[in-house]
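**Q**
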Amino acid sequence: MYSTMMKTIFTLFITSNMLLQQTTLACFLASKFHIYVINNLPPYTPPLRVHCQSRNDDLGYHDLVDRGQNFTWSFCESFAVNTLYFCHLWWDNKEKSFDAFKSNFHIFRLDTYLWYATKDGIYSNADYSQKVVKKYDWDIIH
Ligand SMILES: *[C@@H]1O[C@H](CO)[C@@H](O)[C@H](O)[C@H]1NC(C)=O
6 MYSTMMKTIF
16 TLFITSNMLL
26 QQTTLACFLA
36 SKFHIYVINN
46 LPPYTPPLRV
56 HCQSRNDDLG
66 YHDLVDRGQN
76 FTWSFCESFA
86 VNTLYFCHLW
96 WDNKEKSFDA
106 FKSNFHIFRL
116 DTYLWYATKD
126 GIYSNADYSQ
136 KVVKKYDWDI
146 IH
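By this note's numbering, the letter at position 141 of the sequence shown is numbered 146, and the numbering carries on one by one without gaps.
Shown next as structure tokens:
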């Protein structure tokens, strides 16, 4: 009797943990989005410094040393919430600030947004074409 009860409790514990894991992997009544900031700069040049944040979520400073290296994060957004993540990039004597995700990006119908720092500017698939196109020139730091 006692061992049957323990088995039941144990099974319930395992099952609820699995459910919990599934709901944290997915998003509860929301969509999941992935953002990548990718170093696509020439090799043997200064590292790309990345600082991304939202109103209440500062993702910190990250140096992407190698070409192909990326900084990535994911988040859930329910339709009622107005999400905005913006990034500031620095490279050599150049910098650029831009919105890496905002709710009106939904018109692009993507769940993964790619931002490439290249020698001549910032490229992204955050576009009607869903192709990677040039979005911004670098600003020169004087
Ligand atoms: C980001 O970096 C990881 C680890 O190096 C790599 O596996 C992945 O393909 C990269 N993703 C993009 C979109 O560049």
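Glycine included, C-beta positions come from ideal geometry on N, C-alpha and C.
Using alpha carbons as the reference points, say which of E100, A35, Y133, I127 lies closest to A85.
**A** Walking along the sequence shown from the start, residue 85 turns up at place 80. For the residues E100, A35, Y133, I127, the minimum Cα distance to A85 belongs to A35.
**Q** So who's on the other strand from R54, going by DSSP bridges?
**A** In the sequence shown, the residue the question calls residue 54 occupies position 49. DSSP, once it has assigned bridges, lists D68, W95 as partnering R54.
**Q** Helix, strand or coil for S108, going by three-state DSSP, please let me know.
**A** Numbered from its first residue, the sequence shown carries residue 108 at position 103. It is helical.
**Q** Check whether the segment 37-48 touches the segment 103-123, counting contact only when three or more Cβ pairs, one atom from each stretch, lie closer than 8 Å.
**A** Enough Cβ pairs lie closer than 8 Å, so yes.
**Q** Terminal residues of the continuous beta strand (DSSP E) containing I43?
**A** For the purposes of this step, residue 43 is taken as residue 38 along the sequence shown, with counting starting at 1. Looking at the DSSP string, the run of the beta strand (DSSP E) that includes I43 is 36-44.
**Q** Looking only at C-alpha atoms, which of D116, D62, D97, D104 sits nearest to D144?
**A** Reading the sequence shown from its first residue, position 139 is the one you call residue 144. The option with the nearest alpha carbon to D144 is D97.
**Q** F113 by DSSP, collapsed to three states: which one?
**A** Position 108 of the sequence shown, counted from the first residue, corresponds to residue 113. Of the three classes helix, strand and coil, the one that applies to F113 here is helix, per DSSP.
**Q** Spell out the partners DSSP gives F33 in its beta bridges.
**A** The residue you call residue 33 lines up with position 28 of the sequence shown. In DSSP, F33 forms no bridge with anything.
**Q** Helix, strand or coil for T123, going by three-state DSSP, please let me know.
**A** In the sequence shown, the residue the question calls residue 123 occupies position 118. DSSP places T123 in strand when its eight states are reduced to three.
**Q** Can you look up T28 in the DSSP assignment and give me helix, strand or coil?
**A** For this step, residue 28 is matched to residue 23 along the sequence shown. In this predicted model, T28 has a pLDDT of only 47, less than 50, meaning its place in the structure is not dependable; the value taken from the coordinates is given anyway. Here T28 sits in helix by DSSP.
**Q** Which one of K37, N75, N61, D71 has the shortest CA to CA distance from Y148?
**A** With the chain running from 6 to 147 in the structure shown, residue 148 is simply not present.
**Q** With a threshold of 8 Å on Cβ separation, who are the neighbours of L89 within its own chain once the five nearest residues in sequence on each side are excluded?
**A** For the purposes of this step, residue 89 is taken as the residue at position 84 of the sequence shown. S59, R60, D104, F106, K107, S108, listed in sequence order.
**Q** How far does the beta strand (DSSP E) with Y139 in it extend, from its first residue to its last?
**A** Counting from 1 along the sequence shown, the entry for residue 139 is found at position 134. Checking the sequence shown, residue 139 turns out to be Lys, not Tyr. K139 -> beta strand (DSSP E) spans 138-141.
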